[in-house]
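Chains as they are written, first to last, in our numbering: chain W, 1 to 265; chain U, 266 to 643.
Notes follow the structure.
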Amino acid sequence: MLNIVVCVKAVPDPKEACNIKIDPDTKTLMRCEVPFVVNPLDKNAMEAALQLKEQGDAHISVLSMGPPEAGNIVKECLALGADQGFLLSDPAFGGADAYATAYTLAKGIEKIGSFDVVFCGMASSDGSTEWVGPEMATFLNIPVVTMVKEIVESEGEFWQVKASLENGYRLMRVQLPAVFTVTRDLNTPRTLSFSGIIKARKKEISEWGIHELGVPAELLGVKGSPTVVSNLSTTESKREVEMISGTREEKAEQLVQKLAEAGVI
Amino acid sequence: MIDFTFSEEQEMFRKAAREFAETQVAPKIPVMEETGEVSDAVVKALGEAEMMALTIPEEYGGLGLGYVARMIALEEISRVSVATAMMLQVFALGIEPIVKFGSEELKKKYLPGLAKGERLATTAVTEATGGSDPTGIRSAYKKEGDDFIVNGRKCFITNSHIADTITILTKSEDDPKAFCAFVIDKDMEGWRATHKEHKVGMRGCNTGELAFENLRIPKTQLLGNEGKGLGVTMAAIGDVGRGGMVGCALGLQAACLEESIKFSNERVLYGKPISALQGIQNKLAEIKIDLEAGRLLAYRAAAMQDNGIRCSNEFAVAKYFTTEVAQKAAKMAVDIHGGYGCMEEYAVSRFWRDAAVLGPSAGTSDIMKVIIGRWVLA
Ligand SMILES: Cc1cc2nc3c(=O)[nH]c(=O)nc-3n(C[C@H](O)[C@H](O)[C@H](O)COP(=O)(O)OP(=O)(O)OC[C@H]3O[C@@H](n4cnc5c(N)ncnc54)[C@H](O)[C@@H]3O)c2cc1C
Numbered sequence: 001m002l003n004i005v006v007c008v009k010a011v012p013d014p015k016e017a018c019n020i021k022i023d024p025d026t027k028t029l030m031r032c033e034v035p036f037v038v039n040p041l042d043k044n045a046m047e048a049a050l051q052l053k054e055q056g057d058a059h060i061s062v063l064s065m066g067p068p069e070a071g072n073i074v075k076e077c078l079a080l081g082a083d084q085g086f087l088l089s090d091p092a093f094g095g096a097d098a099y100a101t102a103y104t105l106a107k108g109i110e111k112i113g114s115f116d117v118v119f120c121g122m123a124s125s126d127g128s129t130e131w132v133g134p135e136m137a138t139f140l141n142i143p144v145v146t147m148v149k150e151i152v153e154s155e156g157e158f159w160q161v162k163a164s165l166e167n168g169y170r171l172m173r174v175q176l177p178a179v180f181t182v183t184r185d186l187n188t189p190r191t192l193s194f195s196g197i198i199k200a201r202k203k204e205i206s207e208w209g210i211h212e213l214g215v216p217a218e219l220l221g222v223k224g225s226p227t228v229v230s231n232l233s234t235t236e237s238k239r240e241v242e243m244i245s246g247t248r249e250e251k252a253e254q255l256v257q258k259l260a261e262a263g264v265i
Numbered sequence: 266m267i268d269f270t271f272s273e274e275q276e277m278f279r280k281a282a283r284e285f286a287e288t289q290v291a292p293k294i295p296v297m298e299e300t301g302e303v304s305d306a307v308v309k310a311l312g313e314a315e316m317m318a319l320t321i322p323e324e325y326g327g328l329g330l331g332y333v334a335r336m337i338a339l340e341e342i343s344r345v346s347v348a349t350a351m352m353l354q355v356f357a358l359g360i361e362p363i364v365k366f367g368s369e370e371l372k373k374k375y376l377p378g379l380a381k382g383e384r385l386a387t388t389a390v391t392e393a394t395g396g397s398d399p400t401g402i403r404s405a406y407k408k409e410g411d412d413f414i415v416n417g418r419k420c421f422i423t424n425s426h427i428a429d430t431i432t433i434l435t436k437s438e439d440d441p442k443a444f445c446a447f448v449i450d451k452d453m454e455g456w457r458a459t460h461k462e463h464k465v466g467m468r469g470c471n472t473g474e475l476a477f478e479n480l481r482i483p484k485t486q487l488l489g490n491e492g493k494g495l496g497v498t499m500a501a502i503g504d505v506g507r508g509g510m511v512g513c514a515l516g517l518q519a520a521c522l523e524e525s526i527k528f529s530n531e532r533v534l535y536g537k538p539i540s541a542l543q544g545i546q547n548k549l550a551e552i553k554i555d556l557e558a559g560r561l562l563a564y565r566a567a568a569m570q571d572n573g574i575r576c577s578n579e580f581a582v583a584k585y586f587t588t589e590v591a592q593k594a595a596k597m598a599v600d601i602h603g604g605y606g607c608m609e610e611y612a613v614s615r616f617w618r619d620a621a622v623l624g625p626s627a628g629t630s631d632i633m634k635v636i637i638g639r640w641v642l643a
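Below you can see the structure in the form of structure tokens.
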């Protein structure tokens, strides 16, 4: 049986991005007004796991680090079809950067026990560092392939996957256990179903804090974070209207020129 | 204390229904609007998403989730497409008489297929001679041995041309006080869907006529007792039918509010978005007040229904209120949009047309007041 761990993050709903404010003192996002959702690319990670489970024998554990409210998104993943949920939640984990997050998640995965594959989104829609996957693989001392857009071969110990490049892809052969960070090209995530939600009633979520993980506080949360956000600011977008005149051909020519000047095309 | 919060699970149902509506239904709306035809893809998707299974007990292949969950699903689907919510609400209206009055044999025969969406249901009561007054129907049955022979026509039947499992109300040829409700299906000969209506709104939801010509129905297809069919169909229409319209109305109100907020934040007049104008805020507030009040009426009645408490009067209040204020909300949403509101590119023009159709379905507002009047005087 293939043991899959999917790492998911609770992020403020990107659809309500306009309501996200930045705390001027701590330079962190003030999320209170905006509901949490599963990070969009993590849904692709979930979908990859679910498809593998449909193809063969697999067990899916879903793992998240976050505040207690993040339990909702773990539950959602159980409703999508994951078998077991794990929430790493402790005030000591708070304020973690990508490094401390990856460390904590790696400890969580080790505690879950045997695993063959770890899927996570390439990036989170709020932090967007793209570091957590690779750093987690480093802590687990296993290979990582980032930006996976297709799983070509998933039988046996060696997998073949396509990893996105700007103008193409790299075909990678990798030995399990391994971490894969996925792009949205990999699949179209399924939506929640009513019967899935009913089935999730019986599935369990284990909540682990610092004691359950048994790791020193210095390596966690703010204390364990080597990076600091020195500044964060919102950009202002403005709309400008410029009317173009002339014949149809002249207008088209001017339009192309202006778009080129603006770097759009 | 009264708990007004939705459970975590109910919130997840809402999310599931919203995701379904936005991904599976929304893309089909332009074609539905243009052709007025039912989208096969939407019907298939509804089946796959188990939307027809919500009110069917688990032992017959349903989800057994009940009526608050159904209200949530309808509200969310209607927020995207009132036509689709209407179609779905009448599937349940067709299913309910079998669940509540069907013999074990009928339940086993029909419910699993209905739950999967392999069969599609409706209920046909209305006729040219009897809408608000169902006793005025003329579709008549006469007995021949153990069979019933039915002749007549039905009009304004939702899902008329797509349904294959239909609860029909008929009247005795001999006794004007005796009614029989039957479930008929596609394998029976002697009935067909005839005229298709072209409605101003809810385009993509099929409404039309049915004709019965010497339709032979075995006694085993009877719902409830012989002669007591009026009670069968009225019971289903009283809570499931009215409740369904309430769900449709709530979604429409929510959609009107959302579109109006969006437009009024974007439309700049006098150097500011029009949402800064008190006159506009007033309208937005009014839509919101009606939506909040409507939700309380709706979910209270649905919660009663889940608890097995009689709730057709409460649903009459909710149906009256929500379908009336949905029409008001649509008018205000169109007003907020100014001239743009009359253009088909703007969704509110569709909401306006859809709102007009909410009124008569499952009983007009006048009839709701008749029922409520009777209730308060009882
Ligand atoms: C989109 C749509 C879908 C429908 N789907 C179905 C369906 O699936 N199955 C089905 O059986 N039917 C269906 N109907 C029919 C619907 O139930 C009837 O249209 C409704 O009951 C009204 O009947 P009527 O149209 O004959 O109007 P009438 O009964 O002729 O009413 C005419 C007017 O008289 C008023 N009126 C009637 N009685 C009274 C009274 N006692 N006091 C005061 N005023 C009164 C009415 O309010 C109305 O204003 C549907 C209708 C629509 C529009």
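The beta carbon of each residue, even a glycine, is placed where N, CA and C say it ideally should be.
Everything numeric in this text was worked out from a predicted model, so none of it was measured.
At least three beta-carbon pairs within less than 8 Å, the segment 60-67 of chain W to the segment 166-182 of chain W: no
Leucine 192 of chain W at chain U interface by Cβ criterion, 8 Å: Leucine 192 of chain W counts as touching chain U.
heavy atom of ligand 1 below 7 Å from proline 625 of chain U C-beta: yes
Length of the line joining the Cα atoms of arginine 248 of chain W and valine 303 of chain U: 41 Å
Interface positions of the segment 317-330 of chain U facing chain W (Cβ-Cβ less than 8 Å), listed along the chain: Answer in chain order: Ala318, Leu319, Leu328 and Leu330.
Sequence ranges, alpha helix (DSSP H) only - wholly within the segment 215-259 of chain W, length at least 4: Secondary structure in the segment 215-259 of chain W: no alpha helix (DSSP H) run of 4 residues or longer lies completely within the stretch.
Neighbour list for lysine 199 of chain W in chain U, Cβ cutoff strictly below 9 Å: Simply none; closest approach about 11 Å.
Option in U/Ala405, U/Leu385, U/Gly378 and U/Phe421 with minimal Cα separation from serine 397 of chain U: Taking only the C-alpha atoms, the option nearest serine 397 of chain U is U/Phe421.
Beta-ladder partner(s) of isoleucine 502 of chain U, from DSSP: Answer is none; isoleucine 502 of chain U lacks a bridge partner.
Cβ neighbour criterion (16 or more within 10 Å) applied to asparagine 72 of chain W: buried
Range of the contiguous alpha helix (DSSP H) that encloses glutamate 207 of chain W: Counting along the chain, glutamate 207 of chain W falls outside any alpha helix (DSSP H), though it belongs to the beta strand (DSSP E) covering 205-208.
Outcome for isoleucine 402 of chain U when other beta-carbon atoms lying within 10 angstroms are tallied against a minimum of 16: It counts as buried.
heavy atom of ligand 1 below 7 Å from isoleucine 422 of chain U C-beta: Isoleucine 422 of chain U has its CB nearer than 7 Å to a heavy atom of ligand 1.
Selection from W/Gln84, W/Tyr103 and W/Glu242 that minimises the alpha carbon distance to lysine 202 of chain W: Of W/Gln84, W/Tyr103 and W/Glu242, the residue nearest in Cα terms is W/Gln84.
Residues that alanine 79 of chain W contacts on chain U, provided the C-beta gap is smaller than 7 Å: Those within 7 Å of alanine 79 of chain W in chain U are Met277.
beta-carbon serine 397 of chain U near ligand 1 non-hydrogen atom, thresh 7 Å: yes
Neighbouring residues, chain U, relative to lysine 27 of chain W (Cβ below 9 Å): Counting only Cβ-Cβ distances below 9 Å, lysine 27 of chain W has no contacts in chain U at all, with the closest Cβ about 28 Å away.
Beta-carbon proximity list for aspartate 126 of chain W, same chain, < 7 Å, skipping 5 on both sides: Answer for aspartate 126 of chain W: Val11, Pro12 and Leu29, listed in chain order.
Chain-ordered neighbours of asparagine 72 of chain W on chain U, where CB pairs are closer than 9 Å: Glu273, Glu276 and Met277
Ligand 1 heavy atom lying under 7 Å from the CB of isoleucine 151 of chain W: No, the Cβ of isoleucine 151 of chain W stays beyond 7 Å of every heavy atom of ligand 1.
Glycine 417 of chain U (DSSP reduced to helix, strand or coil): Reduced to three states, the DSSP call for glycine 417 of chain U is strand.
Check whether aspartate 429 of chain U and arginine 384 of chain U have beta carbons under 8 Å apart: yes
Tyrosine 605 of chain U - partner residues in DSSP beta bridges: Per DSSP, none; premise fails for tyrosine 605 of chain U.
Buried or exposed by the 16-neighbour rule on C-beta atoms within 10 Å, applied to valine 308 of chain U: buried
Cβ neighbours of glutamate 589 of chain U in the same chain (closer than 7 Å, five flanking residues each side left out): Around glutamate 589 of chain U: Ser630.
Contacts around proline 14 of chain W, its chain only, beta-carbon distance under 6 Å, and the 5 residues preceding and following it disregarded: Ser125
Contact with chain W by threonine 349 of chain U, beta-carbon distance below 8 Å: no
Identified DSSP bridge partners for tyrosine 169 of chain W: W/Ser164
Check: isoleucine 632 of chain U C-beta below 7 Å from any heavy atom of ligand 1: yes
Cutoff 8 Å; reference isoleucine 321 of chain U; Cβ partners in own chain excluding five residues on either side: Gly327, Leu328, Gly329, Ile360, Val364, Leu376, Leu379 and Ala380
Tryptophan 640 of chain U, DSSP secondary structure in three states: helix
Residue of U/Glu287, U/Pro538, U/Gly509 and U/Thr270 minimising C-alpha distance to methionine 351 of chain U: Selected option, being the one with the closest Cα: U/Gly509.
Simplified DSSP state of tyrosine 375 of chain U, which is helix, strand or coil: helix
Residues that alanine 314 of chain U contacts on chain W, provided the C-beta gap is smaller than 7 Å: Ser193
From W/Glu261, W/Val145, W/Arg239 and W/Glu240, residue whose alpha carbon lies closest to that of lysine 162 of chain W: W/Val145
Best match in W/Arg239, W/Lys238 and W/Gln254 for proximity to serine 245 of chain W [C-alpha to C-alpha]: W/Gln254
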